[in-house]
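Protein chains in written order, with my numbering: chain A, 374 to 717; chain B, 374 to 717. Backbone N, C-alpha and C fix where the C-beta goes; we use that ideal spot for every residue, glycine too. Everything numeric in this text was worked out from a predicted model, so none of it was measured.
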DNA sequence: GTCGCCTGTGGAAGCGCTTCCGGAACCCGG
DNA sequence: CCGGGTTCCGGAAGCGCTTCCACAGGCGAC
């Protein structure tokens, strides 16, 4: 029964150890009903033969795979990569494998949901910052596995996320505290993703201004597709408005980067002439000296992974959602409002 | 034999279609020896029952899993994320699943190589920009599967990569052509990865300078751990040297970003006072107006994936390595050498 | 009108594991 | 010294598929 010099099977182990297949299996799995002596004997053979159980056979016999699917858009961006890294670390430590599905553009998406390639392959799925519409949700249900959302709230599944509203408030309130009243906002959306119900980072801006009795100037709000280039364009427009804003609140570091580039080109000094604050606190913010609201990305991943592990060990139970705190990290890009320069 | 209202099995399909299990299997797999009529009948039932074959059972019976392992460090960085995205796209289109292993710090690494979690689970592995030492190579051999390297050359496995030397030359030659002779270099290494035999991006610098009869000033060369912050520090030192360099060649966009930030803080104008060129041409370069050598990351992923698919379809064959061309993208961060400003 | 032969099909043996079930050996108290 | 309960262990039946092999017809060729 031994396969041609390939990997040894449990049957090989059993034979060498002089026990039955059943006993070998129990010994390997630390199951009850094996004497300590026998167990040691078997484990020694396992060691000697360098035996590794075939996960496929295990899954087939046992009915669960210890595998989870990760569906994620935009892997090239820091946020998503970090999130995946956090999840991977936790899951692999628990011996759970990760099947990766990168669903980027709408076509990928259609493909994914129509073919549902994860089907029958995993015990759970984690969707990263990935709003699903009703129809897609129904397809997912077809997989018949636990679903968890990470990096974004979900009404349908347990999730782990930061409080985007609070984060936005931390950013805008910081600006307000520094005396800024004319604040531009750089918001972004995903062309390829269905828009979420409401952008909480935007609402934070409106609320904060309202609470301070500041009227919103619509010309100071720019909503664009994600990307530094678009942010630069919007910033150029912001600079043309009169009076010019003294601060910019960007929904993400990448947006802020584009903005800062545009500011540099225009000869606008940061923070002397204009303050910039963002959300994320990616490495970008650090090397840019950007004041940003830190969100614990890796940790979100870790927690999402734990939620899934819990769900796997206690089938049927529904994990409670988690919302992680954020924290303002002040760097050199923000300062007290100065004398607003006159527009030439 | 039907499981409790769960997913239908091939046996269910066979019964409903009124054929044997063997025939159903052949029909589903488009194998020879099934009449067209029978095949259609079976496929109709498949459709109706929404049957999906259990990959575990397939693998067990067939001996191959249509699964490949992806081992990657630093998922949070653009390069790695994009690479993974490219690979995923190609592989998933071919119906091959991806098992993701994120191996970041040395401990992860030890873990990975000692436990070899991918063992017995995949048909091939792709290592992304991931030098393996001799001992690790031997461990990998244990898996007994085809190994491919992406985003870096390998002497042991077929690889797909850019020509780092040529890329470096494109960057430095560009500077040279603009009249720069005093050029600083920002090189980086990975603390967590074994150093590659030789840094070709560095050698390009030395060779180019030599060919132009320019002596290398060691004080203009900074080798640091990867990261914008370190690049900023190095740049500050560069600015202190006398005479000050008129240009900086950074090994990657992120390094250039850190450099540009330091330059801005020091009031050094780019490109009037100092030119900056880098390698990668990530989105960062675009929103920064950074002149950079473009490397086709996504494409490297695509090709690596194809190589693996080929290897899977023709076991035993060794794919030929591929080296992709790069291209200089000139933006606003480089210009002709001006009158070098006197050091105050 | 036979004898191959080719095309379709079904039976059945695995693939490598888990787990139910029954039995053997051993312990205890009575 | 014996009955009943543990404790360990082996046999064997799957898990859901693939595939080898045998076999039944249908065909053309002789």
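{"query": "Per the DSSP calculation, residue 701 (chain B) is bridged to which residue(s)?", "result": "B:666"}
{"query": "Could you tell me whether the stretch 618-625 of chain A touches the stretch 646-663 of chain A, using the rule of 3 or more Cβ pairs below 8 Å?", "result": "yes"}
{"query": "What are the boundary residues of the beta strand (DSSP E) that includes residue 391 (chain A)?", "result": "Residue 391 (chain A) -> no beta strand (DSSP E), and no H or E assigned at all."}
{"query": "On a Cα-Cα basis, can you pick out the residue from B:525, B:495 and B:536 that is closest to residue 517 (chain B)?", "result": "B:495"}
{"query": "Name the DSSP bridge partner or partners of residue 595 (chain B)?", "result": "B:559"}
{"query": "The alpha helix (DSSP H) spanning residue 440 (chain B) covers which residue range?", "result": "Per DSSP, residue 440 (chain B) belongs to no alpha helix (DSSP H); it is in the beta strand (DSSP E), 440-445."}
{"query": "Beta strand (DSSP E) containing residue 585 (chain A): first to last residue?", "result": "Neither: residue 585 (chain A) is in no beta strand (DSSP E) and is coded neither H nor E."}
{"query": "Checking 8 Å against the spacing of the C-beta atoms, do residue 553 (chain A) and residue 619 (chain A) come in under that value?", "result": "yes"}
{"query": "Grab the span of the beta strand (DSSP E) containing residue 405 (chain B) for me, first residue to last.", "result": "That residue, residue 405 (chain B), is in no beta strand (DSSP E); it is neither H nor E in DSSP."}
{"query": "Please classify residue 425 (chain A): does DSSP put it in a helix, a strand, or coil?", "result": "coil"}
{"query": "Quick check: what's the CA-CA separation for residue 570 (chain A) versus residue 540 (chain B)?", "result": "45 Å"}
{"query": "Buried or exposed: residue 689 (chain A), going by 16 or more other Cβ atoms within 10 Å of its Cβ?", "result": "exposed"}
{"query": "Assuming residue 521 (chain A) and residue 677 (chain A) make a contact with CB atoms under 8 Å, what is their CB distance in whole Å?", "result": "6 Å"}
{"query": "Return the chain-ordered list of same chain residues with a C-beta closer than 8 Å to the C-beta of residue 490 (chain B), the five sequence neighbours on each side being excluded.", "result": "474"}
{"query": "For chain A, is any of its Cβ atoms less than 8 Å away from the one on residue 425 (chain B)?", "result": "yes"}
{"query": "Using a Cβ-Cβ cut-off of 8 Å, state whether residue 490 (chain B) counts as contacting chain A.", "result": "yes"}
{"query": "Could you check where the beta strand (DSSP E) with residue 472 (chain B) kicks off and where it finishes?", "result": "470-475"}
{"query": "Quick check: the stretch 663-680 of chain A against the stretch 699-706 of chain A, are there 3 or more CB pairs under 8 Å?", "result": "yes"}
{"query": "Give me the Cα-Cα distance between residue 580 (chain A) and residue 588 (chain A), rounded to the nearest whole angstrom.", "result": "10 Å"}
{"query": "Exposed or buried, which one is residue 703 (chain A) when buried takes at least 16 other CB atoms within 10 Å?", "result": "exposed"}
{"query": "Enumerate, from N- to C-terminal direction, the unbroken alpha helix (DSSP H) stretches of 4 or more residues contained entirely within the stretch 464-525 of chain B.", "result": "479-488 and 507-516"}
{"query": "Would you grab the beta carbon distance between residue 471 (chain B) and residue 441 (chain B) for me? Rounded to a whole angstrom, and I think it's under 8 Å.", "result": "6 Å"}
{"query": "Sorted by chain position, which residues of the same chain lie with C-beta nearer than 8 Å to residue 497 (chain A)'s C-beta, five sequence neighbours on each side aside?", "result": "441, 442, 518, 519, 520, 521, 681, 684 and 685"}
{"query": "Taking the continuous alpha helix (DSSP H) assigned at residue 648 (chain A), which residues delimit it?", "result": "Here residue 648 (chain A) belongs to no alpha helix (DSSP H); instead the beta strand (DSSP E) covers 648-653."}
{"query": "Per DSSP, what are the beta-bridge partners of residue 532 (chain B) in this structure?", "result": "B:522"}
{"query": "Starting from the beta carbon of residue 474 (chain A), find every residue of chain B whose beta carbon is closer than 9 Å, and list them in chain order.", "result": "461, 465, 470 and 471"}
{"query": "For residue 420 (chain A), count neighbouring Cβ atoms within 10 angstroms of its own Cβ and tell me buried if that reaches 16, exposed if not.", "result": "exposed"}
{"query": "Which same chain residues, not among the five before or five after residue 389 (chain B), have their C-beta less than 6 Å away from its C-beta?", "result": "418"}
{"query": "Just how far apart, CA to CA, sit residue 714 (chain A) and residue 611 (chain B)?", "result": "With a pLDDT of only 49 at residue 714 (chain A), under the threshold of 50, the placement of this residue in the model should not be trusted; the figure read from the coordinates follows. So the alpha carbons of these two residues sit roughly 34 Å apart."}
{"query": "How would you list, in chain order, the residues of chain A whose beta-carbon sits under 7 Å from the beta-carbon of residue 428 (chain B)?", "result": "493 and 494"}
{"query": "What are the boundary residues of the beta strand (DSSP E) that includes residue 637 (chain A)?", "result": "From DSSP, residue 637 (chain A) is part of no beta strand (DSSP E) but of the alpha helix (DSSP H) over 626-638."}
{"query": "If you draw a straight line from the alpha carbon of residue 617 (chain B) to that of residue 592 (chain B), how long is it in whole angstroms?", "result": "11 Å"}
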